[in-house]
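First comes the structure, then the notes that go with it.
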Amino acid sequence: MEKYIEFVKSKTNFEPEFSIIIGSGLGPILDKVEVIERFAYRELPDFPVSTVVGHKGELILGHIGNKKVAVFNGRVHFYEGYSMKEVTKTIRLAAGLGTKKLIITNASGAVNKTLEVGDIMIINDHVNFIFAENPLRGEKGNERFVNLTDAYNHKMIEKFKSIAKKENVSVREGVYCAVSGPNYETIAELNLMNRLGIDAVGMSTVPEVIVARYLKMEVLGISCITDSVFSSGEVSHEEVIEVAEKCGRKIAVLVEKFIREG
2 MEKYIEFVKS
12 KTNFEPEFSI
22 IIGSGLGPIL
32 DKVEVIERFA
42 YRELPDFPVS
52 TVVGHKGELI
62 LGHIGNKKVA
72 VFNGRVHFYE
82 GYSMKEVTKT
92 IRLAAGLGTK
102 KLIITNASGA
112 VNKTLEVGDI
122 MIINDHVNFI
132 FAENPLRGEK
142 GNERFVNLTD
152 AYNHKMIEKF
162 KSIAKKENVS
172 VREGVYCAVS
182 GPNYETIAEL
192 NLMNRLGIDA
202 VGMSTVPEVI
212 VARYLKMEVL
222 GISCITDSVF
232 SSGEVSHEEV
242 IEVAEKCGRK
252 IAVLVEKFIR
262 EG
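Mapped onto the working numbering, the consecutive letters of the sequence shown carry residue numbers 2 to 263.
Below, the structure written as structure tokens:
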């Protein structure tokens, strides 16, 4: 067992049914959690710490309704210089605590020109353009040959869409592409992605989903569309955070309802 898992388990016997990965600016989800325990990432042995604005870097254990949840407030990224093994330690910790269902969120840019800034997009599939390293590289046994044709759980997607409809919140559905970053894409790259059927692009999520499926977790992926070069020109990280915070308030309501209904 990894040291960071041992450390948390030595402090609590809390076993979350759900784990939530909070992307850039999507902190409003935390407002829905009754907090029981809180750990800064820097407290956890051998655990990476984010260097990016909008990623506080803490594990929060608590309840949403009568459901136990682990919330990872911030993630680390490949572009920060971390290995894929380090990038996906949040997922291994979630699994080590007993999580079976993962809700993973991110801020992403529009590739599909019909997507607008502020849209919520349910991820129904992904494309991995981070070619440098795979998070399962070096794993042993046949389990490493993970089938990703069902990477995002269909029942979870349908339930989230149903809740959004009840709450009168518009959601889209599409394919997410992960790139290594940290630079934003060129127009030519975005046009290529569009031709490939990609709807949104970001610098996270896919490595985490690969490991989550390797560890037999069911996954729901949610993107907040924070920018579109096609409509707004130059993109800045500050603008991404600002839009994500507004979008995050709507996502928080939907995630709360989703978990409460279990």
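Quick reminder that beta carbons are idealized off the backbone N, C-alpha and C, glycines included.
Just confirm the distance between the C-beta atoms of residue i and residue j, as a whole number of angstroms; I'd bet it's less than 8 Å.
i, j, result
"Val70", "Phe19", "5 Å"
"Glu186", "Val176", "At roughly 15 Å, the Cβ-Cβ gap does not stay under 8 Å, so Glu186 and Val176 are not in contact."
"Ala152", "Val220", "6 Å"
"Arg250", "Pro29", "5 Å"
"Ile23", "Phe73", "6 Å"
Assign residue i to one of three DSSP states: helix, strand, or coil.
i, result
"Lys68", "strand"
"Asp200", "coil"
"Val36", "strand"
"Leu191", "helix"
"Ser224", "strand"
"Phe146", "coil"
"Ala253", "helix"
"Val176", "strand"
"Glu18", "coil"
"Ile245", "The question names Ile, but residue 245 in the sequence shown is Ala. Helix."
"Lys141", "coil"
Tell me, which residues are paired with residue i by DSSP?
i, result
"Ala41", "Glu59"
"Glu219", "Lys102"
"Ile164", "Paired residue(s): none; Ile164 is not in a bridge."
"Ile23", "Asn74"
Check your understanding: If we count Cβ pairs, one from each stretch, closer than 8 Å, do we get three or more for the region 218-226 versus the region 118-132?
Key -> yes
Review point. Three or more beta-carbon pairs under 8 Å between the region 170-184 and the region 82-95, yes or no?
Key: no
Practice item. Any chance you could list the beta strand (DSSP E) runs of at least 3 consecutive residues sitting entirely within the region 45-132, in chain order? Key: 59-65, 68-74, 102-111, 121-129
Check your understanding: Is it a yes or a no for the region 191-211 touching the region 72-91, going by three-plus beta-carbon pairs under 8 Å?
Key -> yes
Review point. Does the count of Cβ pairs from the region 3-22 and the region 56-63 closer than 8 Å reach three?
Key: yes
Practice item. Indicate whether the contact test is met: 3 or more Cβ pairs, each with one atom in the region 36-55 and one in the region 81-92, closer than 8 Å. Key: yes
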